[in-house]
Amino acid sequence: MSIPRFWVSEIADTKLLALDAQESQHALTSLRLKVGDEVILFDGRGQEVLARISDVARRSVTTELIQRLDSDRELRSPLHLFIALPKGDRQRTLVEGLVQLGATQLSPLCCHRGVAQPTGNAVNRLKKMVIEACKQSGRNQLMEVTEPIQLCELAKGAAGNSSVLTRSYIAHPYGAATPLSEIVRNSAATAVTQIAIGPEGGFVDEEVERFIRAGWQQVSLGKRILRIEMAAMYCAAWHALHNEQVNDRLQHHALSQQDDLGKPNS
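Residues in the sequence shown are numbered from 30 upward in steps of one, following the numbering used here.
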């Protein structure tokens with residue numbers, strides 16, 4: 030049986046770590062944990078520790094640190110997704126899939142055909158979904174959920190990061206476009222990738238033209254029309270696959286070099 034995971038806002042350099050009220054309630058009511066049970070705590074910024082429950086009260090749980098864990102489960106290169114959010118439960122499907130596939134950032138995108146207008150409360154709900162998905166998937170770095178961004182601002186490059194190599198794509202099923210699979214295979218694994226995904230029915234022509242004029246490259250996601258959350262996960266899956274393949278090649282190269290160093294000179 031896997032050890033239950035809980036999010037804490039900070040892993041301080043102390044022996045005792047307390048869960049907040051919501052996580053404590055989950056531990057005591059849903060999981061029925063008790064003193065002596067082991068748990069894993071993560072802070073959403075990459076740190077993870079093994080701890081043991083040392084004290085419980087009606088609405089609080091205190092744990093004692095056992096050891097710090099070295100668990101890096103992040104991809105080599107960041108993936109930022111700007112998405113015209115779907116409605117209802119499809120947002121949870123979207124968040125869970127992106128967290129599991131290693132996406133770095135999700136920004137709600139406001140555009141002409143968008144159906145879900147993200148408010149402050151909606152963004153907070155998305156952030157809570159991210160925490161739950163990280164607890165389930167074993168990820169220690171929270172996917173960032175930003176405030177909504179207007180398409181016109183994004184197309185002008187306001188959301189880009191000019192300090193690093195950034196590759197910008199717009200997923201649009203109509204018109205001339207290069208398959209995303211082809212682009213990913215030929216991209217550097219250290220680049221920041223940002224992809225804009227439109228609402229049902231896609232971006233309007235004027236929006237596509239804005240992106241193209243700003244230097245974004247139009248890509249296709251195969252021969253079928255995908256729903257918003259499936260399109261996002263398609264992009265994240267290709268990005269994750271490429272990163273894992275690069276990691277495998279680098280590890281193989283490092284092992285080959287070690288073998289060569291261990292061979293006697295002839």
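Each residue gets a CB set at the ideal place from its N, CA and C atoms; glycine is no exception.
Item, Value
"Beta-bridge partners of LEU171, as assigned by DSSP", "Paired residue(s): none; LEU171 is not in a bridge."
"Assigned secondary structure, GLU236 (DSSP; H/G/I helix, E/B strand, else coil)", "helix"
"For ARG119 and ALA243, the rounded distance between their alpha carbons", "30 Å"
"Uninterrupted beta strand (DSSP E) stretches inside the region 238–278 (no shorter than 3 residues)", "246–249"
"Same chain, Cβ closer than 7 Å to ALA266, five either side skipped, listed in chain order", "LEU130"
"Helix, strand or coil at CYS181 [DSSP, three-state]", "helix"
"Nearest candidate by alpha-carbon position, reference ALA73, set ARG168, VAL174 and ALA225", "As written in the sequence, residue 73 is Gly, which differs from the Ala given in the question. Comparing Cα-Cα distances from GLY73 to each of ARG168, VAL174 and ALA225, the minimum goes to ARG168."
"Backbone secondary structure at SER83 - three-state DSSP", "strand"
"Three-state secondary structure assigned by DSSP to HIS17", "Missing from the structure shown is residue 17; the chain here goes from 30 to 295 and no further."
"Rounded separation between PRO107 and ALA132 - CA only", "7 Å"
"Whether ARG121 touches MET172 by CB criterion (8 Å)", "no"
"Buried versus exposed call for GLN51 [16 or more other C-beta atoms within 10 Å across all chains shown]", "exposed"
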